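> Residue 1 is where the sequence shown starts when you use my numbering, and the numbers rise one by one after that.
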Amino acid sequence: MSIQTDDFAASPLRVVSASPTSPNEEAIERALRPKLLDEYVGQAKVREQLEIFIGAAKKRSEALDHVLLFGPPGLGKTTLSHIIAHELGVNLRQTSGPVLEKPKDLAALLTNLEKNDVLFI
């Protein structure tokens with residue numbers, strides 16, 4: 001059996017994107033995203049360190065120290081920020097760098113944070 005170019009012409013166009021294309025897809029993605037560190041698969045060293053950091057913050061009843069998550073898209077930075085907030089039982093405030101054009105934009109965001117909130121930029 002061989003595959004010919006004509007075989008592709010007859011098939012429907014399928015768009016594959018890293019970001020959700022509809023509200024329904026976004027809801028499904030949120031439902032499938034792990035909510036606890038125990039559910040997070042991969043990056044064992046990161047998980048171990050976060051377990052220690054989160055446990056220490058909870059024992060001290062203090063906010064988690066600053067955490068820098070970096071890397072290309074798709075490595076789990078957003079998922080980890082959601083997990084951190086969930087594990088600590090606090091709100092997650094999320095924004096993107098380009099939205100923060102002026103210092104006052106960041107100042108407004110910071111002044112609206114509640115105690116121990118997680119800020120993910």
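Cβ atoms here follow ideal geometry from the backbone N, Cα and C, with glycine treated the same way. This one's a predicted model, so the numbers in the text were calculated from it and none came from an experiment.
Determine the direct distance from the alpha carbon of L119 to that of I52, and round the result to whole angstroms.
Taking the Cα positions, I52 is about 19 Å away from L119.
> Could you give the uninterrupted runs of the alpha helix (DSSP H) lying entirely in the region 20 to 63, keeping only those of 4 residues or more?
23 to 32 and 44 to 60
> Taking the straight line between their C-alpha atoms, what separation do you get for G89 and K102?
Their backbone Cα atoms lie some 30 Å apart in a straight line.
> Any chance you could list the alpha helix (DSSP H) runs of at least 4 consecutive residues sitting entirely within the region 61 to 113, in chain order?
77 to 88 and 103 to 111
> Would you mind working out which of N24, A107, I28 and Y40 sits nearest S130, comparing C-alpha positions?
No information on residue 130 is available, as it lies outside the stretch 1 to 121 that the chain covers here.
> Does the beta-carbon of E87 have 16 or more other beta-carbons within 10 angstroms, so that it is buried, or is it exposed?
buried
> Tell me whether L32 is buried or exposed, calling it buried when 16 or more other Cβ atoms sit within 10 Å of its Cβ.
exposed
> State the Cα-Cα distance for the pair A57 and G97, rounded to the nearest angstrom.
Distance between the alpha carbons of A57 and G97 is about 27 Å.
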